[in-house]
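Working notes, structure below.
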Amino acid sequence: MRALVQLAVFALALSLVRCEHDFSRYSFQTTLNTQENGGLYELYWTFDNEAEKISFAVRLNATGWVGFG
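Those letters in the sequence shown? Residues -19 to -1, 1 to 50, by mature numbering (1 follows the signal peptide of the UniProt record, and there is no 0).
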């Protein structure tokens, strides 16, 4: 059972690595040049006043975990 759970978690993580996303739905965008790796970090956001909700998305090249906060 444990191996099945580990396999499911691995499959979920793998599916999240190469996801395609429609960034055109965001109202605002900025690009940050990260000096640590010489790459680009693109930040997208939009907000819905009626729902009092802010949505964020990031797009970047990474070989490991990505932190946002």
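For glycine and all other residues, C-beta sits at the position ideal for the given N, C-alpha and C.
* Check S36 in the structure and name its three-state DSSP category. => Correct three-state label for S36: strand.
* Identified DSSP bridge partners for V29 -> Going by the sequence as given, residue 29 is Asp instead of Val. The beta-bridge partner set that DSSP reports for D29 consists of K34.
* Asked: Between Q10, R(-18), A(-17), which lies nearest to V39 when the distance is taken from Cα to Cα?
  -> Per the C-alpha coordinates, the member of Q10, R(-18), A(-17) positioned closest to V39 is Q10.
* To do: Tell me, please, which residues DSSP counts as bridged to F9.
  => F9 is bridged to W26.
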